[in-house]
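Student: Going down the list, the protein sequences come from chains G and D. Just so we're aligned: 343 in the numbering used here is position 342 of the first sequence, and the numbers increase by one with no gaps anywhere. Just so we're aligned: 250 in the numbering used here is position 249 of the second sequence, and the numbers increase by one with no gaps anywhere. In this text, a Cβ means the ideal position worked out from N, Cα and C, and glycines have one as well. One structure, pasted below without further comment.
There are 2 protein chains.
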Amino acid sequence: MFVKLPAKFLNNKIMSNCVILTIGDELLIGQVIDTNSAWIGSELSKIGIPVLRRVAVSDRADEIVKALDDSLQVADIILITGGLGPTKDDITKHTLSQYFNSRLVTNADVLNDVTSFFKKVNRPMIESNYKQAEVPEHCIPIRNKLGTAPGMLFEKNQKVIVSMPGVPFEMKEMMTSYVLPELKKRFSREHIEHITIMTAGVGESFLAEKIRHWEQALPHHIKLAYLPNLSQVRLRLSGRGSDLQVLKKEMQQAVEHLIPIIDQNIFSLLDEGIEVAVGKLLQTKHMTVATAESCTGGYMAHKITSVPGSSDWYRGSIVAYQNDLKEQLLQVNHETLLQHGAVSEETVKQMANQVRLLLISDYGIAISGIAGPEGGSDEKPLGTVWVAIADHDTVYTKKFLFTRSRLQNIEMSALNALFMLYRVIKGNFTQS
Amino acid sequence: MFVKLPAKFLNNKIMSNCVILTIGDELLIGQVIDTNSAWIGSELSKIGIPVLRRVAVSDRADEIVKALDDSLQVADIILITGGLGPTKDDITKHTLSQYFNSRLVTNADVLNDVTSFFKKVNRPMIESNYKQAEVPEHCIPIRNKLGTAPGMLFEKNQKVIVSMPGVPFEMKEMMTSYVLPELKKRFSREHIEHITIMTAGVGESFLAEKIRHWEQALPHHIKLAYLPNLSQVRLRLSGRGSDLQVLKKEMQQAVEHLIPIIDQNIFSLLDEGIEVAVGKLLQTKHMTVATAESCTGGYMAHKITSVPGSSDWYRGSIVAYQNDLKEQLLQVNHETLLQHGAVSEETVKQMANQVRLLLISDYGIAISGIAGPEGGSDEKPLGTVWVAIADHDTVYTKKFLFTRSRLQNIEMSALNALFMLYRVIKGNFTQS
């Protein structure tokens, strides 16, 4: 129907790759967010099996069959989740049994598992539960230690098709204790290594320009991906190779060449947020931080306290959402507020200093700005945000202008303030 | 290669259906959870366009082409996200341009948008940014109001193929302001009506049991979906019909019959969070609230201040993450902390009273608990959370026991505290 791409656009097929197939109407109408596929993809990636494609189809036999046909043309492994429950909309088992021309028979081990499960939770079994012990006779049943629906492994022409329940913790248990070890045994794999470099304070295209020469010099088997999210860009290096030690060394060298180019923008070489990186830094130095927030309305405190163990380095926050509270709780000078307004360098300076003293911490962060959707003026347009960081003898300040929605402006304010603190602690923040 | 299913397994094709195609290696290796597809599926479902299949493929031209070929065989609409950025790993635009045999030309309107964007954020443009203004000559470019990569709409044999950026807020804006209206215009659909009933304080299965008879009495063309999310269950009624007025009336009647059954649990008949419902209630009564937080670490303040205009009814928060600050900032009695601990009815009572007085508000909410992953004891297991609501003459308290992860326990604490405030204001909270 449409023109085909010339051959130079087509890459070579990589061996032993996988298609992840998820089944269920709830995935298509957006009622459930598909976290299973992401988890499976990440686990397969760790053992060097590339995922070629992820497909979600509805609880319809024709769609499931079509997806199986298509997947078997391109992949050696198909991992299926969903549609194994006891209710009438769950048709995966029957469809697979037809597809592999294999009748359903009661499996004694599975029946034993199901019976034990109901005994354990002290609930009676109904007919549909007994049916869960039926599996296609030509499959290898996979035990479900946390639920009632067994998994199934089918083999055909050196290919492997695995069906698992859609309930995340049942699926994860099955993958970890049976499927992943089995795949490791059956398929020869290339090694895959990923390194994530977290950057902030520079936009995607600017970053790309900065590191263009470095990127062009990467060997063919090491690829770079840009994953931008508000004020941060994650750089992901992915390499493939047959010799793991050689590959690791090559990747390490690539990173070492990258670091000096964007030194000021890197805050971690692990896949972690700025709040985690700041926390580690403070913890190493046995230092603490407290926050004074206006426009971010508690979001910075939340971002920080979402890190387990943050009580080791975080003191607390004063969210002075109303101006009179900036005077009353944070002792901002009345004259300052009158003369410069709540969104000003002078105000955030006082807030940062005061919160540091009041909450007895080594650093104080203060944020005041106009998050939107209302409240801007010509002089202080919507999205204007002032940040101050106080330590024992200096207050550093910076003005930002964000141009997004309320929630995004709030998030960008908090992330940028944390990155600013990171640079202040590292001693490489320059007051402009 | 495998046996085919007999014809009785194949359902009929539904007209005007859609395939969602997401592009990007990060989706396959599980580095990013695909929330875009869920959102798109949910929006399409609202306007009566069924999603037949969701496919995620890597940043490889051959895989993108294969997915397009397959999708065009079964669907009338293909919505693509991802791979439109300015960097080298983004190949969607070039692949589509080849696929539709259409060369890339600079579009004046898009160039104008891109130039304005960089002017607005006050950053210089580099070559790769100019390239973003190039689009295939046979497509309709779609404006990107929040970023630099334009969307593209291709038409072929009455079918529509749309390509959008993968950045969620850019994609959502494009869908809302252009793509969804365009699809509504181009494809004939039945009328679909949705009503959402927001409930809290009751679990999904318990709620289902309570409203079983009502649900069974619903006419065949009106369906109920349960959308549980931590402490809240959204009930979504979806009806289809050819006569819109009749359908609306039937749906309205169904809701009127439901209300008396679960009166105590409903907080809104709009699809809005408890923080919005509480805000409306306070605004109507010209009253204000302030918060004192321990384990929620600023999350409740953030949830409240995420509502635009919340400055009309919200004063601020004291996040006393450390115990000494509960004494110092919130004047909790030293003896109380020694005798009962920070996670106790006595402590939250004092916190709620004090924050109400200190921040000069009509209501004070206080939360103290153990969010995890560490810190539980036999007497106060992990997940124990005390909430107090103070008004001018009473303090209401409630103890919760949550059993989830740190972030979920934090979210459930905040949501339940806000629902508790809702009921206190309504005068139907009963101190147990």
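Does chain G have any CB closer than 9 angstroms to the CB of Lys89 (chain D)?
Tutor: The residue given as residue 89 (chain D) occupies position 88 in the second sequence. Yes, its Cβ sits closer than 9 angstroms to a Cβ of chain G.
Student: Of all the residues that make up the region 318–348 of chain D, which are near chain G by a beta-carbon distance shorter than 7 angstroms?
Tutor: Answer set for the region 318–348 of chain D: Ser318, Ile319, Val320, Ala321, Tyr322, Gln323 and Leu326.
Student: My understanding is that Lys185 (chain D) touches Ile78 (chain D), with C-beta atoms under 8 angstroms, so please give their C-beta distance in whole angstroms.
Tutor: Position 184 of the second sequence, counted from the first residue, corresponds to residue 185 (chain D). Position 77 of the second sequence, counted from the first residue, corresponds to residue 78 (chain D). Contact doesn't hold; Cβ gap of about 12 angstroms is too wide.
Student: Could you name the residues of the same chain whose beta carbon sits closer than 7 angstroms to that of Tyr100 (chain D), not counting the 5 residues immediately before and after it, in chain order?
Tutor: In the second sequence, counting from the first residue as 1, residue 100 (chain D) sits at position 99. Counting only Cβ-Cβ distances below 7 angstroms, and skipping sequence neighbours, we find Val66 and Leu69.
Student: According to DSSP, which residues form a beta bridge with Asn230 (chain D)?
Tutor: Position 229 of the second sequence, counted from the start, is the residue given in the question as residue 230 (chain D). Partner(s): D:Gln233.
Student: Using a Cβ distance threshold of 8 angstroms, determine whether the region 268–288 of chain G contacts the region 319–331 of chain G, with at least three qualifying pairs required.
Tutor: No: the two stretches stay apart, fewer than three of their Cβ pairs being nearer than 8 angstroms.
Student: Suppose the cutoff is 8 angstroms on Cβ atoms and the five residues either side in sequence are ignored; what does the same chain contact list for Ser72 (chain G) look like?
Tutor: The count along the first sequence starts at 1 and reaches residue 72 (chain G) at position 71. Correct list, in chain order: Val20, Leu22, Arg54, Val56 and Ile79.
Student: When the distance is taken between beta carbons, is Arg213 (chain D) closer than 9 angstroms to Ser307 (chain G)?
Tutor: Counting from 1 along the first sequence, the entry for residue 307 (chain G) is found at position 306. Counting from 1 along the second sequence, the entry for residue 213 (chain D) is found at position 212. Not closer than 9 angstroms, so no.
Student: Which partner residues of His195 (chain G) appear in the DSSP bridge assignment?
Tutor: On the first sequence, residue 195 (chain G) is found 194 positions in, with the first residue counted as 1. Bridge partners of His195 (chain G): G:Ser239.
Student: Following the continuous beta strand (DSSP E) through Lys160 (chain D), name the residue where it begins and the one where it ends.
Tutor: Taking the second sequence and counting its residues from 1, the one referred to as residue 160 (chain D) is at position 159. Lys160 to Met165 is the span of the beta strand (DSSP E), which, as asked, contains Lys160 (chain D).
Student: Closer than 9 angstroms by beta-carbon distance: list the chain G residues that pair up with Gln32 (chain D), in chain order.
Tutor: Residue numbering aside, residue 32 (chain D) sits at position 31 when the second sequence is read from its first letter. Under the 9 angstroms cutoff, chain G gives Ala39, Gly42, Ser43, Ser46, His195, Thr197, Ala226, Leu228, Arg235, Arg237 and Asp272.
Student: DSSP puts Phe401 (chain D) in a beta bridge; with which residues?
Tutor: Looking up residue 401 (chain D) in the second sequence gives position 400. Looking at the DSSP assignment, Phe401 (chain D) forms a beta bridge with D:Val386.
Student: Return the bridge partner residues of Glu156 (chain G) from the DSSP annotation.
Tutor: Here residue 156 (chain G) refers to the residue found at position 155 of the first sequence. Bridge partners of Glu156 (chain G): G:Val161.
Student: Sorted by chain position, which residues of the same chain lie with C-beta nearer than 6 angstroms to Thr197 (chain D)'s C-beta, five sequence neighbours on each side aside?
Tutor: Position 196 of the second sequence, counting from 1, holds the residue named residue 197 (chain D). Result list for Thr197 (chain D): Arg235, Arg237 and Asp272, in chain order.
Student: Between the region 349–362 of chain G and the region 362–380 of chain D, are three or more C-beta pairs nearer than 8 angstroms?
Tutor: Touching, no.
Student: In chain D, what lies closer than 8 angstroms to Gln409 (chain G) by C-beta?
Tutor: As a first step, residue 409 (chain G) must be located in the first sequence, where it is residue number 408. Ordered by position in chain D, the residues that pass the 8 angstroms Cβ test against Gln409 (chain G) are Phe170.
Student: For the ligand HEM, I want to know if Lys224 (chain D) counts as a neighbour, meaning its beta carbon is within less than 8 angstroms of at least one of the ligand's heavy atoms.
Tutor: No copy of the ligand HEM occurs in the structure displayed, which carries no ligand at all.
Student: Asp60 (chain D): buried (16+ other C-beta within 10 angstroms of its C-beta) or exposed?
Tutor: The count along the second sequence starts at 1 and reaches residue 60 (chain D) at position 59. It counts as buried.
Student: Could you list which residues in chain G have their beta carbon closer than 7 angstroms to that of His303 (chain D), in chain order?
Tutor: To locate residue 303 (chain D), count along the second sequence from 1; it is residue 302. Within chain G, the residues near His303 (chain D) are Gly298, Gly299, Tyr300 and His303.
Student: Beta-carbon of Pro51 (chain G) versus every beta-carbon of chain D: anything under 9 angstroms?
Tutor: Here the question's residue 51 (chain G) lines up with position 50 in the first sequence. Chain D, which has a Cβ nearer than 9 angstroms to the Cβ of Pro51 (chain G), makes this yes.
Student: Can you tell me whether Lys157 (chain D) is buried or exposed, with buried defined as 16 or more other CB within 10 angstroms of its CB?
Tutor: Within the second sequence, numbered from 1, the residue matching residue 157 (chain D) stands at position 156. Label assigned to Lys157 (chain D): exposed.
Student: Can you list the alpha helix (DSSP H) stretches of 4 or more residues lying completely in the region 328–397 of chain D, in chain order?
Tutor: The region 328–397 of chain D contains these whole alpha helix (DSSP H) runs: 335–341 and 346–359.
Student: Go ahead and pull the three-state DSSP assignment for Ser269 (chain D).
Tutor: The count along the second sequence starts at 1 and reaches residue 269 (chain D) at position 268. Strand, per DSSP.
Student: Please confirm if Thr306 (chain D) has its CB atom under 9 angstroms from at least one CB of chain G.
Tutor: Stepping through the second sequence from its first residue, residue 306 (chain D) is reached at position 305. So, interface residue.
Student: Residues of chain D with CB closer than 7 angstroms to the CB of Leu360 (chain G), please, in chain order.
Tutor: Stepping through the first sequence from its first residue, residue 360 (chain G) is reached at position 359. Chain D residues near Leu360 (chain G): Leu326.
Student: Indicate whether at least one CB of chain G lies closer than 9 angstroms to the CB of Glu27 (chain D).
Tutor: Within the second sequence, numbered from 1, the residue matching residue 27 (chain D) stands at position 26. Chain G, which has a Cβ nearer than 9 angstroms to the Cβ of Glu27 (chain D), makes this yes.
Student: Figure out for me which residue from G:Ile143, G:Tyr423 and G:Asn266 has the closest Cα to the Cα of Glu171 (chain G).
Tutor: One-based indexing of the first sequence puts residue 171 (chain G) at position 170. The residue with the shortest Cα to Cα distance from Glu171 (chain G) is G:Ile143.
Student: Mind listing the chain G neighbours of Pro151 (chain D)? Cutoff is C-beta to C-beta under 7 angstroms, in chain order.
Tutor: Numbered from 1 along the second sequence, position 150 holds the residue referred to as residue 151 (chain D). By Cβ distance, chain G contributes nothing, its closest Cβ being about 15 angstroms from Pro151 (chain D), past 7 angstroms.
Student: Shortest alpha-carbon distance to Gly384 (chain G) belongs to which of D:Lys121, D:Arg241, D:Gly373 and D:Glu64?
Tutor: Here the question's residue 384 (chain G) lines up with position 383 in the first sequence. Nearest C-alpha to Gly384 (chain G): D:Lys121.
Student: Say whether chain D places a C-beta atom closer than 9 angstroms to the C-beta of Ala209 (chain G).
Tutor: Counting from one through the first sequence, the residue named residue 209 (chain G) turns up at place 208. Chain D contact via Cβ: present.
Student: Using 10 angstroms around the beta-carbon of Val151 (chain D), count the other beta-carbons present and answer buried if the total reaches 16, otherwise exposed.
Tutor: Looking up residue 151 (chain D) in the second sequence gives position 150. It should be noted that the sequence gives Pro, not Val, for residue 151 (chain D). So Pro151 (chain D) counts as buried.
Student: Measuring CB atoms only, is the region 337–349 of chain G touching the region 310–319 of chain G, in the sense that at least three cross pairs come out at less than 8 angstroms?
Tutor: Output reads no: the region 310–319 of chain G does not touch the region 337–349 of chain G.
Student: Rounded C-beta distance between Ala389 (chain G) and Lys350 (chain G)? I'm assuming under 8 angstroms.
Tutor: Residue numbering aside, residue 389 (chain G) sits at position 388 when the first sequence is read from its first letter. Residue numbering aside, residue 350 (chain G) sits at position 349 when the first sequence is read from its first letter. Contact holds; Cβ gap of about 5 angstroms.
Student: In terms of alpha-carbon separation, which member of G:Gln159, G:Glu135, G:Val168 and G:Pro169 lies closest to Met153 (chain G)?
Tutor: Position 152 of the first sequence, counted from the start, is the residue given in the question as residue 153 (chain G). Minimum Cα distance to Met153 (chain G) is reached at G:Glu135.
Student: With 9 angstroms as the threshold, decide whether the Cβ of Asp114 (chain G) is near any Cβ in chain D.
Tutor: The residue labelled residue 114 (chain G) in the question sits at position 113 within the first sequence. For Asp114 (chain G), the answer is no, since every Cβ of chain D falls outside 9 angstroms of its Cβ.
Student: Around the Cβ of Pro261 (chain G), are there at least 16 other Cβ atoms within 10 angstroms (buried) or fewer (exposed)?
Tutor: Working through the first sequence from its first residue, we reach residue 261 (chain G) at position 260. Exposed.
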